[in-house]
Amino acid sequence: MVDILQTPLLDTVNIPADLRTLAPTQLRQLADELRQETIAAVGVTGGHLGSGLGVVELTVAIHYVFDTPNDKLVWDVGHQCYPHKILTGRRERIRTLRMGGGLSGFTKRSESEYDPFGAAHSSTSISAALGFGVANKIADKPGKGIAVIGDGAMSAGMAYEAMNNAAQAGNRLVVILNDNDMSIAPPVGGLSAYLSRIVSSREFLGLRDLAKRVAKKLPRPIAAGMRKTDEFARGMAMGGTLFEELGFYYVGPIDGHNLDQLIPVLENVRDAEEGPILVHVVTKKGKGYAPAEAAADKYHGVQKFDVISGVQTKAPPGPPQYQNVFGAQLSKEAETDPLICAITAAMPSGTGLDAFAKAHPERFFDVGIAEQHAVTFAAGLAAQGMRPFCAIYSTFLQRAYDQVVHDVCIQNLPVRFAIDRAGLVGADGATHAGSFDVAYLATLPNMVVMAPADEAELVHMTHTAILHDSGPIAVRYPRGNGTGVELPETPEQLEIGKGRIVRQGHKVAILSLGTRLGEALRAAEALEAKGLSTTVADLRFAKPLDEELIRKLLTTHEVAVTIEEGAVGGLGAHVLTFASDTGLIDAGLKLRTMRLPDIFQDQDKPELQYAQAGLDAEAIVETVLKALRHNSGGVVEGARA
Ligand SMILES: Cc1ncc(C[n+]2csc(CCOP(=O)(O)OP(=O)(O)O)c2C)c(N)n1
Ligand SMILES: CC(=O)[C@@H](O)[C@H](O)COP(=O)(O)O
Ligand SMILES: [Mg+2]
């Protein structure tokens, strides 16, 4: 395996133009070196590995054949883009992947002209590539849009919305379907089965007849003398496919690790006069690195690891992760409650539902990457009397907002939302931060929004959600480990809209929502040391607000500060609205809201992200002291604080 890294050919390639000076016979070696470099880099940084290893040859072939960056290459999700980054001028920084100040783990427009479109959420690539292709067509400029989309990402509705429109791009759009028969977990559903049928029922295109068959299939000058009608081309050689029905020329399946096949096929595709074209490429996730190929998840996402053994750095033992506390509690309660069912959109382990899937397979649904469908499916289940839990990361639930509003809230259906990765998430950065869910959910009539301060509270809130049959309810909790509190044997049903006082004082009140409670308590200690007696309340609910408790806190303390792990529009906004509606702010109350700043924060360690966001104990103390210094008649200096 990779020992001392020797990359003589890769060392000569800084950008794709360098790559294009190589002879086709050199590309195999280049791909091998690129694979080694990718493994070595991710060994140091951790990150998404298996997907990138599977597209090493594809990355080399695309940059070799197409005229990037004039042809616009759009990687779906972008989690497979590390080899692409190495070939596009970023090799020197590749060992900073996903670190504070380092390269993003996804494609990012601000990073490179070779990343024409940023991503991290799936299934956007065909739409974006179509946009590039059509814009160039209108302007009569050269340049195609090239989307590389995985079989998992191909399960989302957006991909079909784009394909439904793709004909207008003509030959300006190329879609490369990277079929590795894997999502994060094994892929699910009819499309996955369909792709498997195509692959198993057909031989890979062989080298000997490849050029002939592709030339026949794609009308272009070299096929002169052959029939060039659409009927001939579309029905040719490999028969109709779903993609052909949608108006694509389908080419495939192709062995995506065989450069001798990839290069001529892509050259034909590049030069075709007709389109759009879909190239079905079959690859192996984790290809070329034995530990990845052998792992159940194909090293989708890894910690730092030892390159020789593949052994990943273990996280130090700690409290259970929130996702697993949720999954275990739901699974346990489902033993005695046959109405509970659980839905994930392709994230069974990330949401902690793998435990549930094992224990209750008949009530577990992995719907693939299809968050919108997941929500409306849950609404249907709820309308029929089930108790569905839709477990979706905060950032991915954004995609299903209309379904939450229209299918769930307007009909007041008791769908339970388990919203994981709420707040800042660390290495995945802005695209994956769960910054907006409180703002977008707590504004909806009928919705209940809870946030536990620790994992014991999450147990109570999961139980409370199960029993909440009168309408929709959401519980949002962060990525990572709990605080280490003891988990309750018997969960409590919390009273909806009731918070709790965690620490009683009389001058300063900190109103906390979620897991900032620990920082609020640390701040209270520091304030106490300065002679400022401090109350800390855990509001538990962003909606409905505990108006009685809030009124009491705002009328009995000189300064009140709200704190939450979310953007403006969340708890603080609702408390301010309440204080304004009731006239409580007219009485000279010093009320401040602490929330995420109005920026998309780049990746870093979560604790540093929160410090940068001004949401740690030190920032709370500073906010309180500033408020106390402030004379209510004047203008606040440094307005936010
Ligand atoms: C909208 C959305 N939902 C879920 C995810 C999480 N996610 C990232 S990669 C991935 C699997 C994608 O599978 P595929 O497209 O086949 O790519 P592969 O990992 O196999 O290379 C999932 C579910 C996401 N990024 N975006
Ligand atoms: C690319 C992607 O969307 C996922 O792989 C995501 O990075 C997983 O995040 P967690 O590690 O928080 O489950
Ligand atoms: Mg896949």
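Counting from 1 along the sequence shown, just add 510 to a position and that's the residue number in this note's numbering.
Built from N, CA and C at the ideal position, the CB exists for glycine as well.
As the structure is a computational prediction, the values presented were derived from the model and not from experiment.
Exposure of residue i, with buried meaning 16 or more beta-carbon neighbours within 10 Å
i: residue 979; result: exposed
i: residue 1110; result: exposed
i: residue 1001; result: buried
i: residue 916; result: exposed
i: residue 527; result: exposed
i: residue 1159; result: The structure shown does not extend to residue 1159, since the chain spans only 511 to 1151, so no value can be given for it.
i: residue 988; result: buried
i: residue 523; result: buried
i: residue 652; result: exposed
i: residue 737; result: Any reading at residue 737 needs caution, since the residue's pLDDT is 36, under 50, leaving its predicted position unreliable; the model's value is listed next. Classification of residue 737: exposed, given that the 10 Å Cβ count is below 16.
i: residue 910; result: buried
i: residue 1158; result: Absent from the model: residue 1158. The displayed extent of the chain is 511 to 1151, so no value can be given.
i: residue 674; result: exposed
i: residue 693; result: buried
i: residue 704; result: exposed
i: residue 823; result: exposed
i: residue 825; result: exposed
i: residue 1077; result: buried
i: residue 582; result: buried
i: residue 1133; result: buried
i: residue 485; result: With the chain covering only 511 through 1151, there is no way to say anything about residue 485.
i: residue 547; result: buried
i: residue 1141; result: exposed
i: residue 769; result: buried
i: residue 938; result: buried
i: residue 1113; result: buried
i: residue 877; result: buried
i: residue 795; result: buried
i: residue 852; result: buried
i: residue 1115; result: exposed
i: residue 1098; result: exposed
i: residue 873; result: buried
i: residue 848; result: exposed
i: residue 912; result: exposed
For residue i, the nearest candidate out of the options (CA to CA)
i: residue 476; options: 674, 765, 1117 and 895; result: Residue 476 cannot be examined here, being either before or after the span of the chain that is shown, 511 to 1151.
i: residue 538; options: 518, 811 and 800; result: 518
i: residue 691; options: 560, 1105, 1131 and 1081; result: 560
i: residue 622; options: 595, 871 and 646; result: 595
i: residue 633; options: 626, 618, 584 and 613; result: 584
i: residue 1136; options: 1071, 1121 and 1105; result: 1071
i: residue 655; options: 1008, 635, 758 and 706; result: 635
i: residue 982; options: 1005, 920, 663 and 1010; result: 920
i: residue 998; options: 1102, 970 and 1023; result: 970
i: residue 647; options: 698, 1038, 678 and 996; result: 678
i: residue 698; options: 666, 771 and 709; result: 666
i: residue 625; options: 611, 610 and 600; result: 600
For residue i, the residue or residues it bridges with in DSSP
i: residue 792; result: 689 and 765
i: residue 759; result: 787
i: residue 991; result: 831
i: residue 1022; result: 1048 and 1073
i: residue 866; result: Answer is none; residue 866 lacks a bridge partner.
i: residue 842; result: According to DSSP, which records beta bridges pairwise, residue 842 is partnered with nothing at all.
i: residue 655; result: 582 and 683
i: residue 1103; result: 1072
i: residue 959; result: 984 and 1053
i: residue 812; result: 557
i: residue 634; result: DSSP lists no partner for residue 634.
i: residue 901; result: 854 and 928
i: residue 822; result: 815
Short CB-CB distance (under 8 angstroms) between residue i and chain B
i: residue 1037; result: Going by chain labels, chain B is absent from the structure shown, which holds only one protein chain.
Exercise for the section: Assess, as a yes-or-no matter, whether the segment 986-1002 is touched by the segment 962-969 under the definition of 3 or more beta carbon pairs within less than 8 angstroms. Expected result: yes
Practice task
Check whether the segment 815-823 touches the segment 852-865, taking contact to mean three or more Cβ pairs, one atom from each stretch, closer than 8 angstroms.
Solution key: no
Practice task
Please list, in chain order, all residues with a C-beta atom less than 5 angstroms from at least one heavy atom of ligand 3.
Solution key: 660, 661, 662, 690 and 692
Handout entry: Three or more C-beta pairs below 8 angstroms linking the segment 564-578 and the segment 641-648
Key = The segment 564-578 is not in contact with the segment 641-648.
Practice task
Indicate whether the contact test is met: 3 or more Cβ pairs, each with one atom in the segment 1060-1073 and one in the segment 1087-1095, closer than 8 angstroms.
Solution key: Touching, per the Cβ criterion.
Handout entry: Given 8 angstroms, three or more beta-carbon pairs between the segment 786-798 and the segment 674-694
Key = Flag = yes, the segment 786-798 and the segment 674-694 touch.
Handout entry: Sufficient close CB pairs (3 or more, under 8 angstroms) joining the segment 1010-1025 to the segment 1033-1053
Key = Between the segment 1010-1025 and the segment 1033-1053 there are three or more C-beta pairs closer than 8 angstroms, enough to call the two in contact.
Practice task
Give a yes or no on contact between the segment 603-610 and the segment 576-583, applying the rule of three or more CB pairs nearer than 8 angstroms.
Solution key: No: the two stretches stay apart, fewer than three of their Cβ pairs being nearer than 8 angstroms.
Practice task
Evaluate the contact criterion for the segment 1113-1132 versus the segment 1017-1034: three or more CB pairs, one atom per stretch, below 8 angstroms.
Solution key: yes
Exercise for the section: Could you tell me whether the segment 545-564 touches the segment 584-597, where touching means 3 or more Cβ pairs closer than 8 angstroms? Expected result: yes
Exercise for the section: Check whether the segment 793-810 touches the segment 837-855, taking contact to mean three or more Cβ pairs, one atom from each stretch, closer than 8 angstroms. Expected result: Counting Cβ pairs under 8 angstroms, fewer than three are found: no touch.
Exercise for the section: Determine, using beta-carbon pairs with one atom in the segment 889-904 and one in the segment 919-935, whether at least three such pairs fall under 8 angstroms. Expected result: yes
Exercise for the section: May I ask you to verify whether the segment 896-913 touches the segment 956-963, counting CB pairs closer than 8 angstroms and requiring at least 3? Expected result: no
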